[in-house]
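The structure appears right after this line, and notes come after that.
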Amino acid sequence: MVLVRITQLSCLLVLLACHKKIATGYHPVFSGKSAAMPMTSRRRFFTKIVAGGAGVLGGGGLVERAEAEGEEGGGDFEAIKAKAAELSSRAADLKTTERNAASGSAGASIENYGGGFSIYDFNVTIAGKEVTMKEVLGVKEEDVEVSVENIVEEVDAESGEKISKTVKESKTEKKEVKPKAVLFVNIKQDDPMARKNIPQLISLAAKHGNEGLVVVCIPTDQGYYEPDTSALLRLKVASEYGYGINPATVLTDKLNLLGSGAHPMMRWMESTSRTPAGLGRIELNFEKFLVDGNTGLPVRRYPRKYQPLDIEDDINSLLNNKILPPARANFLEEWREAQREADISEYAFKKGLNYYDQ
Ligand SMILES: *[C@@H]1O[C@H](CO)[C@@H](O)[C@H](O)[C@H]1NC(C)=O
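Taking mature numbering (1 follows the signal peptide of the UniProt record, and there is no 0), I'd label the letters of the sequence shown as residues -25 to -1, 1 to 333.
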């Protein structure tokens, strides 16, 4: 009789082997060069392999056992090591977010950044229909072909000899493919800034859309007068600029940005990613928020006069799973300029003078 047993060490090796394979096979829509596998997928896969062996072992999964043994203070060394590896890779994922947040958002507190929310928790209205941000950003489940190598140890019951064998298997995994970077811009069609900004936004989307960038433009009734309906705006930006033709260029219906009726996503984004002066609320048209698509958290906010093409380095960092470079030399000055402009500009959101909080 032959007893088949998957050792715990081999599970770990399998995990590492699979990790590599998934990482290279991950790209259907947003093909990133160094795509990091999201934690959920890694963990799910981990559990799955162990579950595969569990039938043979007749015992619970490795993670569950590691937890149980951890509580008892007992010690299966390999299980604890695997658990530690899992925790540290989760910590590494968080570190990128935190460092992005810290390097990108002035005065961002790293603890509880975003208050437990991400852009994926919100819905917006597009062409009169409420849609989830996951739909808006084209997040979808993809089948990913995964090759698994199980190292199986066989023990001959009679001789007691151990033999190691490699058993190859092919599996299909479901994986959520998210964009890597999302740039939100509050636009106003009649503002002369539109003629400079919208073509630049389109060119960023054309260049980086298939690498995982999505641009989301948000018109509003608040602030400087916007006479057109959302439907007419959609037609105008499409016919004048070609905005909305590339699926990486999204236009929401008009949303409120400020006051008691502010859209929950915008209120959350503004208070999460503040100006260098610590201001939450948007003051001018064409402020921009760059969001890490993987975590769904805003990482940097740019003033009105900061041109979309000036954001390309930051976008590239997210596309390559890197932390943001320091802001450009003109970043703080542009924010100070925005503050001055907010007092005098007709493109500013001012209480009493326009639709802000009425
Ligand atoms: C978003 O819309 C979906 C249906 O498409 C709904 O189930 C969900 O509750 C909505 N979420 C919010 C925050 O309104």
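Here a beta-carbon is modelled for each residue, glycine too, at the ideal position from N, C-alpha and C.
Query: Alpha carbon to alpha carbon, how far is R256 from G187?; Result: 28 Å
Query: If you check the beta carbons only, do T100 and T204 fall under 8 Å apart?; Result: no
Query: Does DSSP put R256 in a helix, in a strand, or in coil?; Result: coil
Query: Cβ of W243 within 8 Å of Cβ of F92?; Result: yes
Query: If you drop the 5 nearest sequence neighbours on each side, which residues of the same chain put their C-beta closer than 6 Å to that of R19?; Result: For R19, the pLDDT reaches just 35, beneath the cut-off of 50, and the residue's location in the model is therefore unreliable, although a value from the coordinates is still provided. Same-chain partners within the cutoff: there are none.
Query: Mind reading off the beta-carbon distance from L265 to L158? Whole number of angstroms is fine, and I expect it under 8 Å.; Result: 6 Å
Query: In the DSSP assignment, the alpha helix (DSSP H) including S320 goes from what residue to what residue?; Result: It is not in any alpha helix (DSSP H) - S320 carries neither H nor E in the DSSP assignment.
Query: Rounded to the nearest angstrom, what separates Y200 and Q164 at their Cα positions?; Result: 10 Å
Query: Around the C-beta of F21, are 16 or more other C-beta atoms found within 10 angstroms, so that it is buried, or is it exposed?; Result: Residue confidence for F21 is low, a pLDDT of 33 falling below 50, so the modelled location carries little weight and cannot support an answer.
Query: Once the 5 residues before and after V106 are set aside, which same chain residues still bring their CB inside 7 Å of it?; Result: N98, V99
Query: Relative to the C-alpha of T247, which residue among N161, M168, D285, R276 is closest?; Result: R276
Query: Residue range of the alpha helix (DSSP H) that P239 falls in?; Result: 239 to 247
Query: Beta-carbon separation of L232 and T195 under 8 Å?; Result: yes
Query: Within 10 angstroms of the Cβ of L207, are there 16 or more other Cβ atoms? Answer buried if so, exposed if not.; Result: exposed
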